[in-house]
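Residue 619 in UniProt numbering is what sits at position 619 of the sequence shown, and the numbering runs on without skipping anything.
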Amino acid sequence: MNYNELYNQSIHFPSEFWEKQANEIEWYSKPSTILSQDDNGYPLWFKDGKLNACYLALDKHIQDGFGDQTAIIYDSPVTQTIKKYTFNEVKTEVAKLAGGMLSLGLKKGDTAVIYMPMIPQAAFAMLACARIGVTHSVVFGGFAPHELAIRIDDCKPRLIITASSGIEVDRLIAYKPLVDEAIELAQHKPKKVIVLNRKLGARIPFKKYDVDYEAIVYGSEETPCVPVEATHPLYVLYTSGTTGKPKGIVRDTGGHATALKFSMQYIYGIKEDEVFWAASDIGWAVGHSYTIYGPLFNRNTSIIFEGKPVKTPDASTFWRIISEHKVNVMFTAPTAIRAIKKEDPNGEFIKQYDLSSLRTQFLAGERCDVATLEWYQKHISIPVIDHWWQTESGWPMIANMMGVEFLPIKPGSSGKPVTGYDIRIFNENGQELAPTEEGYVVIKLPLPPGMMLDIWNDHERFQKGYLDKFPGYYFSGDGGFKDEEGYVFITGRIDDVINVAGHRLSTAEMEEIVSSHDAVAECAVIGINDELKGQIPLALVVIKSGETIENFQTQYEIVQLVRDKIGAVASLRDVVVVQRLPKTRSGKILRKLIRSIADGIEFQIPSTIDDESIIEEIKEDFQKQSIGIYKNSPI
């Protein structure tokens, strides 16, 4: 089947299409009801089926005779460790950890928080929870105690699983004191904390609720998998909300497993026993879906990477891992490639490694600018696939489905809608727009399997945030357009369109132009308040390493570039050269935060920010150049 045939079948006959895909995974009890609805008309998939995610990830492959295949490769340049685990080895430790959790009183339906660095034991903890029907909530290791406490109070875990420490590029972060402080701050008190001592020198203050990870694993018997309903919450993953209160995205088990198995083969085009690397932390949706569950469901070897794309030790790290572990398909955020491009603009490190195993590079997490895509393809001549999805979806919504039919790549587009996603572009009144007209990106119900089930303990927020704006459709919060061939272009969050003297302009389009300048490593364009024009654009740019051109010359050339491509109407006058851009730990640029700083609006520092110290840096840069509210008060 080609793409069009497969896609049309999924849209017109969703029950039949997804029943066939559900048959590709193993169930304890196969579902007889494929598609139904909850009390509010939201789709439910396979509701009377029973299965277990840990069984699909581990036990099934062992029973099929693949126990000695490598399941996980742990590559940690920050500790200079490489270790490989077979499916047999992973299953033994996971089953013992699950047995230990049972002995601590946990049972199906309980919740547990996992607060760990990118180490194999973090994956083992996720799988151990899934094995016994405990809903896990992974909180990004290193989050401040206040943020961890908010999540503890929301999901009320019976247990926290943590490690003594995590390692950033230049420092050791002691996790255990952060967990203790979070428990002090939280109203809900977990019964136990399992602590893995990494023996890296971090202080581990002992509390009465502490249990040693190794003692619980090696002192326990292996426990079998517990069958759970398809709609049983596999995990809760918190994402930033516009109110400042994190949203707990609830993922089901049956739909998630079906969608991920399907996506590995049909979107990523990867065969069983090949090597897949999603360079993402498990604190994010990508880490859940494509570092742990997806590859293991599909019997792929998955890489758990503890490090950064640069400075661990340099910009060659990604290429070394691909070469050394014979990676076939890779997935990372565009910001990682931009960081490498900044440090190694001529791709000298790339030439030092044999990358012949690498077939496809996938990018997501933020829209990939054309300059970054072209830089990659110039140095590594393989398909570079920018695709689009959200924490809420758990798997891609727009992509080039490499396992079905390779379609021509259009720079700036994420590809075409993935099977099951009936994507439309609406105006404010809910009317569908013609090709090339920009509007709201929405998806017609029923959504396919794998999409969020709800917001944990807040269905009203779920209904209001995603379903009420356009009844019968899921509201993505993103803007975009389709071209005449059905390719979708995501232009950014709805509030990233600015109004300059009555002209609606896309900051994404301006970013595309700014990033095309030879000296620019990465950039962000936002709209800031202006008394005369309502809003005017402001560009923040990071210059490539080794560039000798003066900043004022670069700034002048960028202004001219935007004027030439868009016209004087764009009114881009201010270009600020910065050392770095404020980002989340997953690499998304915090444009709303930059806007708030420039406009002098009160803001809450997002819990997902990578480094709070950058806020003061940006304020100083704005003062030096008299930007926004600092217009009349230069240093």
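No residue lacks a Cβ here, since even glycine has one placed at the ideal position from N, Cα and C.
Is the CB-CB distance between residue i and residue j below 9 Å?
{"i": "ASN8", "j": "GLU405", "result": "no"}
{"i": "LEU97", "j": "VAL217", "result": "yes"}
{"i": "ILE455", "j": "LYS247", "result": "yes"}
{"i": "ILE443", "j": "GLY415", "result": "no"}
{"i": "ILE160", "j": "LYS192", "result": "yes"}
{"i": "GLU392", "j": "MET452", "result": "yes"}
{"i": "ALA163", "j": "ARG198", "result": "yes"}
{"i": "GLN265", "j": "LEU196", "result": "no"}
{"i": "VAL562", "j": "VAL520", "result": "no"}
{"i": "VAL577", "j": "LEU538", "result": "no"}
{"i": "LEU44", "j": "LYS91", "result": "no"}
{"i": "VAL525", "j": "GLU511", "result": "yes"}
{"i": "VAL370", "j": "SER263", "result": "no"}
{"i": "LEU373", "j": "PRO411", "result": "yes"}
{"i": "SER607", "j": "ILE150", "result": "yes"}
{"i": "THR86", "j": "ASP75", "result": "no"}
Please determine, among the options, the residue with the shortest C-alpha to C-alpha distance to residue i.
{"i": "VAL179", "options": "LYS341, PHE140, VAL217, ALA215", "result": "PHE140"}
{"i": "GLY465", "options": "TRP456, PRO471, ASN457, PHE475", "result": "PHE475"}
{"i": "GLY99", "options": "ASP154, GLU214, ALA149", "result": "GLU214"}
{"i": "LEU296", "options": "ALA315, LEU260, ASN328", "result": "LEU260"}
{"i": "LEU447", "options": "GLU24, HIS256, ARG131", "result": "HIS256"}
{"i": "GLY269", "options": "ASN300, GLY254, TYR42, SER414", "result": "ASN300"}
{"i": "PRO190", "options": "ASP611, MET264, LYS631, THR111", "result": "THR111"}
{"i": "ILE425", "options": "ASN40, PRO31, GLY479", "result": "GLY479"}
{"i": "VAL94", "options": "HIS379, GLY394, GLU221", "result": "GLU221"}
{"i": "LEU505", "options": "TYR556, ALA570, CYS523", "result": "ALA570"}
{"i": "THR135", "options": "PRO117, ASP422, ASP154, VAL113", "result": "VAL113"}
{"i": "ASP281", "options": "THR258, ALA333, TRP18", "result": "ALA333"}
{"i": "ASN298", "options": "THR608, GLU26, PRO14", "result": "GLU26"}
{"i": "ALA598", "options": "SER586, ASP621, GLU612", "result": "ASP621"}
{"i": "GLN625", "options": "THR223, ASP574, ASP610, ASP458", "result": "ASP574"}
{"i": "GLY472", "options": "GLY133, GLN37, GLU19", "result": "GLN37"}
{"i": "LYS341", "options": "PHE331, HIS379, PHE362", "result": "HIS379"}
{"i": "SER596", "options": "GLN80, GLY587, LYS619, ARG585", "result": "LYS619"}
{"i": "THR223", "options": "ARG251, GLY133, LYS308", "result": "GLY133"}
{"i": "PHE349", "options": "ALA315, PHE331, ARG338", "result": "ALA315"}
For residue i, list the residues DSSP reports as bridge partners.
{"i": "GLY527", "result": "PRO537"}
{"i": "SER164", "result": "Per DSSP, none; premise fails for SER164."}
{"i": "LYS83", "result": "TYR74"}
{"i": "ALA278", "result": "PHE331"}
{"i": "ILE303", "result": "ILE73"}
{"i": "GLN37", "result": "PRO43"}
{"i": "TYR473", "result": "LYS444"}
{"i": "GLU522", "result": "VAL542"}
{"i": "THR239", "result": "LYS247"}
{"i": "ALA174", "result": "SER165"}
{"i": "ASP574", "result": "LEU538"}
{"i": "SER29", "result": "LYS50"}
{"i": "PRO417", "result": "ILE398"}
Output the distance between the C-alpha atoms of residue i and residue j, rounded to the nearest integer angstrom.
{"i": "PHE276", "j": "VAL169", "result": "24 Å"}
{"i": "ASN52", "j": "ILE173", "result": "34 Å"}
{"i": "residue 707", "j": "LYS351", "result": "Only positions 1 to 635 of the chain appear in the structure, and residue 707 is not among them; the question remains open."}
{"i": "PRO345", "j": "LEU234", "result": "42 Å"}
{"i": "LYS84", "j": "ALA71", "result": "8 Å"}
{"i": "THR242", "j": "LEU593", "result": "Residue placement at THR242 cannot be trusted, given a pLDDT of 49 that sits under 50; what the coordinates show is reported in the next sentence. Between THR242 and LEU593, the C-alpha separation is close to 12 Å."}
{"i": "ILE615", "j": "ILE627", "result": "14 Å"}
{"i": "PHE552", "j": "VAL541", "result": "12 Å"}
{"i": "ASN4", "j": "TYR28", "result": "33 Å"}
{"i": "THR436", "j": "GLY534", "result": "26 Å"}
{"i": "GLU147", "j": "SER381", "result": "42 Å"}
{"i": "LEU237", "j": "ILE62", "result": "29 Å"}
{"i": "VAL384", "j": "GLU274", "result": "19 Å"}
{"i": "ASP530", "j": "ARG591", "result": "17 Å"}
{"i": "VAL78", "j": "THR312", "result": "6 Å"}
{"i": "SER103", "j": "ILE321", "result": "39 Å"}
{"i": "GLY394", "j": "PRO157", "result": "22 Å"}
{"i": "THR507", "j": "LEU572", "result": "11 Å"}
{"i": "PRO396", "j": "LYS207", "result": "42 Å"}
{"i": "LYS47", "j": "ILE73", "result": "35 Å"}
{"i": "THR81", "j": "GLU484", "result": "50 Å"}
Is any heavy atom of the ligand NAD found at a distance shorter than 8 Å from the C-beta of residue i?
{"i": "ILE455", "result": "The ligand NAD is absent from the structure shown, which contains no ligands of any kind."}
At what residue ranges does the stretch 97-158 contain a whole run of the beta strand (DSSP E), taking only runs of 3 or more? Fully enclosed beta strand (DSSP E) runs of 3 or longer: 111-115, 135-138.
Length at least 3, wholly inside the stretch 200-235: the beta strand (DSSP E) runs in chain order: Listed in chain order, the complete beta strand (DSSP E) runs (minimum 3 residues) inside the stretch 200-235 are 210-212.
Sequence ranges, beta strand (DSSP E) only - wholly within the stretch 342-399, length at least 3: Given a length threshold of 3 residues, each whole run of the beta strand (DSSP E) inside the stretch 342-399 is given here in chain order: 360-363, 384-386.
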